[in-house]
Amino acid sequence: MPADMQPSVLVVEDETAQREILTYNLEGEGFRVIQAADGNEALLLIEEETPDLILLDWMLPGVSGIEICRQIKVKPALRMIPVIMLSARSEEVDRVRGLETGADDYVVKPFSVIELMARVKANLRRSRPSTVGERLIFDDILLDSETHKVFRGEHEVRLGPTEYRLLTTFLEKPGRVWSREQLLDRVWGRDIYVDTRTVDVHIGRLRKALSRHGGDDPIRTVRGAGYALG
Ligand code: CA
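Counted the way my numbering counts, the sequence shown spans residues 1 to 230.
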C-alpha cells in the first residue's frame, strides 16, 4: 500500500514504554504511526499531519488530554478525526467527562491491546471506511479498498491513482459537497501546491471512466461550492 493511502494514527502518550507498545501493535496492523510525547507536540502534529485517528492519553505533562480533545473538536477541519481517550481513571464520572469533551471513545488502562486495536478499527470504520479494507458502495458503484478494484455494475472501472482517491473520498460520504480546496487537502495532501483547476481535470477523468460503459454521471457539480457524489 502506498504510504499516503495507509491510515495514520497519532499516539499521544508521555510514557515511552506505553508509546512503544502502541506503536508496535499499530504498525503490525498496517497503520502509519506518528508519536507525540506531550500536549504541545501533539497539537502541532495534529495540524500538520491531520491523522486519521488519535489515541490520546488523559494525563500528559503540559496541556492535558482533555484540553487537546476540546481543541480538536472545536475546529471544523479537525473535528471529524476520531479521538480515543486512554485513561487510568476508571470512575464513571471521568468516563462521562471524557466523552463530554467530544472524545469518540474511552479506554481504561491497563487495556488489552487486542481490544484497543478492535476499537481503533471500529472508529475508523465509521469515519473512514476505506482505511480498514471495506467495500464502499453507492448505487451501482463498488470500490473494494482491499483489492483496489472498482466496478460499475458488471464492468470493472480502471482508474488512475488520483481518480481512485477522489472516488474513495466521495464514497465515504455520499451526498456531501466537497469544495475544491477540501478535495486538494484530502486527495493530494496539504503540503503539495496544486492549482484548484487540477481538481476539475481529474473530476473530468473520473466522470469519463465511470460512464465508459454507459450509465448516468453520478458526480454532481454544485455551482460555487464544489462536487458531490449523488
Ligand atoms: Ca500519561
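Note that the Cβ used here is the ideal one computed from N, Cα and C, for glycine as well.
Distance from the Cα of residue 218 is smallest, within the candidate group 172, 224, 230 and 209, for 230. For residue 46, the secondary structure class from DSSP, reduced to helix, strand or coil, is helix. Each of 119, 154, 135 and 70 was checked against the Cα of residue 147, and the nearest Cα belongs to 135.
In the same chain as residue 131, and ignoring 5 residues on each side of it, the C-beta atoms closer than 7 Å to its own belong to 7, 52 and 124, in chain order. For residue 181, same chain residues with a beta-carbon under 8 Å away, outside a window of 5 residues either side, are 196 in chain order. Residue 221 is bridged by DSSP to 227.
Here residue 17 carries a helix assignment [DSSP, helix/strand/coil].
For residue 149, the enclosing beta strand (DSSP E) stretches over residues 149-152. Environment of ligand 1, chain-ordered: 14, 57 and 59, taking every residue with Cβ within less than 5 Å of a heavy atom. A residue is called buried once 16 or more other Cβ atoms fall within 10 Å of its Cβ, and residue 24, having fewer, is exposed.
Residue range 196-210 is occupied by the alpha helix (DSSP H) that includes residue 199. Note: residue 36 is bridge-paired with 12 in the DSSP secondary-structure output.
Counting C-beta pairs with one atom in each stretch, the region 61-79 and the region 25-35 have fewer than three that are closer than 8 Å, which means they do not touch. Sequence-distant partners of residue 133 (beyond 5 residues in either direction) whose C-beta falls short of 7 Å from its own C-beta, in its chain, are 145 and 146.
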